Amino acid sequence: MNMIDVRVAAIEQVTPLIKHFKFVKEDGSKLPPFSGGSHIVVALDAEGRTYRNPYSLMGSPTETDAYHISVRRQENSRGGSAYMHENISVGMTLKITHPVNLFTLAKMAHKHVLIAGGIGITPFMSQIEDLNRLGAEYELHYAFRSYKQAAFVEELQKACGNKLHCYSDSDGKRLDMDALLSNQPLGTHVYVCGPSPMVVGVLETAKNLGWPDSNVHNEQFLAPPVGESFKVQLAKSNLEVQVPAEMSMLEAIEAAGVQPEYLCRGGVCGRCELSVLESDGGLEHNDHFLTESEKASCKKIMPCVSRTKGKRLVLDL
Amino acid sequence: MERGYWIKSKPIYTSLVWHEKATSHLVLASGIGGMAALKLFQQMHPAQPVTVLYARYAQMEVDYSETLKKVVPDNLHVFKFEEDLLTELKSIMPHMRMGLRIYVAGSEGFIWDVAKAVKPFGVDDAHIMKEQTDTLARNVYCVHCKAVTKSVTTNIVACCGCERMLFVRDHFSRNLGAYMGLMVDAESPGELPAIEEIYP
Numbered sequence: 001m002n003m004i005d006v007r008v009a010a011i012e013q014v015t016p017l018i019k020h021f022k023f024v025k026e027d028g029s030k031l032p033p034f035s036g037g038s039h040i041v042v043a044l045d046a047e048g049r050t051y052r053n054p055y056s057l058m059g060s061p062t063e064t065d066a067y068h069i070s071v072r073r074q075e076n077s078r079g080g081s082a083y084m085h086e087n088i089s090v091g092m093t094l095k096i097t098h099p100v101n102l103f104t105l106a107k108m109a110h111k112h113v114l115i116a117g118g119i120g121i122t123p124f125m126s127q128i129e130d131l132n133r134l135g136a137e138y139e140l141h142y143a144f145r146s147y148k149q150a151a152f153v154e155e156l157q158k159a160c161g162n163k164l165h166c167y168s169d170s171d172g173k174r175l176d177m178d179a180l181l182s183n184q185p186l187g188t189h190v191y192v193c194g195p196s197p198m199v200v201g202v203l204e205t206a207k208n209l210g211w212p213d214s215n216v217h218n219e220q221f222l223a224p225p226v227g228e229s230f231k232v233q234l235a236k237s238n239l240e241v242q243v244p245a246e247m248s249m250l251e252a253i254e255a256a257g258v259q260p261e262y263l264c265r266g267g268v269c270g271r272c273e274l275s276v277l278e279s280d281g282g283l284e285h286n287d288h289f290l291t292e293s294e295k296a297s298c299k300k301i302m303p304c305v306s307r308t309k310g311k312r313l314v315l316d317l
Numbered sequence: 001m002e003r004g005y006w007i008k009s010k011p012i013y014t015s016l017v018w019h020e021k022a023t024s025h026l027v028l029a030s031g032i033g034g035m036a037a038l039k040l041f042q043q044m045h046p047a048q049p050v051t052v053l054y055a056r057y058a059q060m061e062v063d064y065s066e067t068l069k070k071v072v073p074d075n076l077h078v079f080k081f082e083e084d085l086l087t088e089l090k091s092i093m094p095h096m097r098m099g100l101r102i103y104v105a106g107s108e109g110f111i112w113d114v115a116k117a118v119k120p121f122g123v124d125d126a127h128i129m130k131e132q133t134d135t136l137a138r139n140v141y142c143v144h145c146k147a148v149t150k151s152v153t154t155n156i157v158a159c160c161g162c163e164r165m166l167f168v169r170d171h172f173s174r175n176l177g178a179y180m181g182l183m184v185d186a187e188s189p190g191e192l193p194a195i196e197e198i199y200p
């Protein structure tokens with residue numbers, strides 16, 4: 001994949017767990033344009049392995065002198081977010097992919113309801129720039145554990161004014177999704193990014209209230225879960241690859257020198273889909289892309305986040 | 001028509017069935033379409049609020065309004081003409097909220113008049129349940145003069161705008177609610193295939 005070389009221009013500790021990184025091009029030229037909701041993949045060469053983690057672009061899509069991302073240090077991280085927090089310093093160079101948008105605003109919407117949980121605020125940081133510029137009607141609902149742990153509240157207050165609604169667990173203030181989604185004008189689109197229970201909650205609530213699927217959008221990048229070690233046989237490449245417990249199948253395949261297609265690396269986009277030829281145990285599907293029946297058929301797998309429960313897997317790659 | 005041939009743009013209509021998940025329901029029916037509305041209430045009376053708008057005099061001049069008055073619990077509005085129904089529809093749409101389900105039954109022309117009326121309020125026709133009743137008659141859009149000839153029952157029709165003889169194609173425009181009509185005797189003027197009623 002065609003990567004862009006960037007230099008880390010600034011790092012800011014935004015909250016105890018969240019760091020904000022600013023990337024610029026080495027030669028000072030502009031970075032590729034993007035639309036609100038886009039993400040990039042950051043490649044990190046660390047201790048003999050390569051992490052490729054997706055992060056939403058936060059800044060204004062009209063200002064491409066620099067890219068801005070925020071990284072939350074994950075508990076039980078496989079090391080990618082911890083590495084970003086501990087080992088990346090100002091002046092270092094990194095490789096990133098071109099921006100891709102899997103979380104676009106519906107331009108025909110009459111109103112946009114944005115719902116963020118914790119670090120899930122990041123894709124909305126660029127979307128509100130687009131919405132403000134377009135003069136679109138919107139509301140941003142931002143839920144977090146406490147004001148101390150919540151990133152960018154002040155910036156959001158400036159950018160959104162009374163369109164921003166905050167909910168802090170520590171204040172006991174909760175977002176009533178049923179009340180929110182049962183009284184929206186026709187033509188409203190809802191967008192959610194945050195922890196899994198929140199995303200599922202919004203999707204279920206909207207469905208039960210009779211919202212059409214086309215008006216409901218979500219983004220939920222999954223970190224590849226840690227699992228058991230297993231062997232993958234690549235039928236076309238005639239290679240056998242050992243997938244260690246803390247590495248994703250996609251990372252292990254890449255480390256063996258094979259370059260499969262990918263985009264989001266978080267189980268969302270479906271680009272890295274591979275055909276399963278043989279498997280000696282059930283598949284552990286962790287993605288949000290395949291349908292339930294596709295998952296049950298055990299014929300397809302998303303190597304970015306999914307694994308096998310068995311010891312050996314044969315893929316058509 | 002060639003077997004298995006199908007133009008994707010041609011709409012497929014179904015029978016009306018209540019959506020289980022909804023916050024409210026809006027039923028729009030004209031003429032014989034009143035029967036489709038009655039059938040809905042045979043299925044059940046939904047838990048959510050229901051509004052029914054019915055136009056009595058469609059092409060077929062069948063009137064289900066008296067029966068509907070007995071069956072629809074409240075919020076039934078009966079109109080003499082489809083135009084009056086559409087005016088009322090446009091005036092109530094701004095008060096509707098997400099979770100509204102729309103059901104329409106009537107001629108194809110009526111179905112797409114409704115789709116056009118609700119589109120500015122952010123409702124895509126894909127989310128409207130549609131049942132075709134009354135007639136198979138087509139509205140035909142002349143690609144030469146852009147006039148729409150209404151309620152065409154034959155394979156070939158004289159354009160109401162330019163009087164060209166048009167062949168009625170299966171190619172449908174959701175935006176216009178009409179099928180494409182092309183001059184059938186452009187190359188050999190006056191030589192027409194047999195004109196038959198195929199959309200009674």
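Residue numbers (my numbering), protein chains in the order written: chain A, 1 to 317; chain B, 1 to 200. Each residue gets a CB set at the ideal place from its N, CA and C atoms; glycine is no exception. None of the values given here were measured: they were computed from a predicted structure.
With residue 202 of chain B as the anchor, note down where its beta strand (DSSP E) starts and where it stops.
-> With chain B covering only 1 through 200, there is no way to say anything about residue 202 of chain B.
Please state whether DSSP places residue 60 of chain A in a helix, a strand or coil.
-> Taken through DSSP and simplified to helix, strand or coil, residue 60 of chain A comes out as coil.
If you draw a straight line from the C-alpha of residue 319 of chain A to the C-alpha of residue 173 of chain B, how long is it?
-> This structure does not reach residue 319 of chain A, given that chain A is present from 1 up to 317, and the question cannot be answered.
Is residue 136 of chain B buried or exposed, if buried means 16 or more other CB atoms sit within 10 Å of its CB?
-> exposed
Thinking residue 37 of chain B and residue 105 of chain B are a contact (beta carbons under 8 Å), I'd like their distance in whole angstroms, please.
-> 6 Å
Residue from A/292, A/287, A/183, A/300 whose Cα sits closest to the Cα of residue 276 of chain A = A/300
Kindly list the residues whose CB is nearer than 8 Å to the CB of residue 93 of chain A, restricted to its own chain and excluding five residues on each side of it in sequence; keep chain order.
-> 5, 6, 7, 8, 26
Is the stretch 204-219 of chain A touching the stretch 229-248 of chain A, taking contact as three or more C-beta pairs under 8 Å?
-> The stretch 204-219 of chain A is not in contact with the stretch 229-248 of chain A.
Give the interface partners of residue 110 of chain A over in chain B, defined as CB-CB distance under 9 Å, in chain order.
-> 121, 122
Whole-angstrom distance between residue 123 of chain A and residue 131 of chain A, CA atom to CA atom = Whole-angstrom Cα-Cα distance: 13 Å.
Take every Cβ of the stretch 84-98 of chain B, pair it with every Cβ of the stretch 177-194 of chain A, and state whether three or more of those distances are shorter than 8 Å.
-> yes
Residue 207 of chain A versus chain B: which residues are under 8 Å apart at the beta carbon?
-> 21
Leaving out the 5 sequence neighbours to the left and right, which residues in its chain are closer than 6 Å to residue 192 of chain A when beta-carbon positions are compared?
-> 115, 199, 202, 218
Can you tell which of A/172, A/165, A/267, A/169 has the C-alpha that lies nearest to the C-alpha of residue 180 of chain A?
-> Ranked by Cα distance from residue 180 of chain A, the first of A/172, A/165, A/267, A/169 is A/165.
State yes or no: is the beta carbon of residue 188 of chain A nearer than 8 Å to at least one beta carbon in chain B?
-> yes
Which residues does DSSP pair with residue 284 of chain A in a beta bridge?
-> A/307
On the DSSP bridge assignment, give the partners of residue 90 of chain B in chain order.
-> Partner(s): none; residue 90 of chain B has no beta bridge.
Since residue 110 of chain B is in the alpha helix (DSSP H), which residue starts that stretch and which ends it?
-> 108-118
So, is the C-beta of residue 127 of chain B closer than 8 Å to a C-beta in chain A?
-> yes
List, in order along the chain, the chain B residues whose C-beta lies closer than 8 Å to that of residue 16 of chain A?
-> Within chain B, no residue comes near residue 16 of chain A; the closest Cβ sits about 38 Å away, beyond 8 Å.
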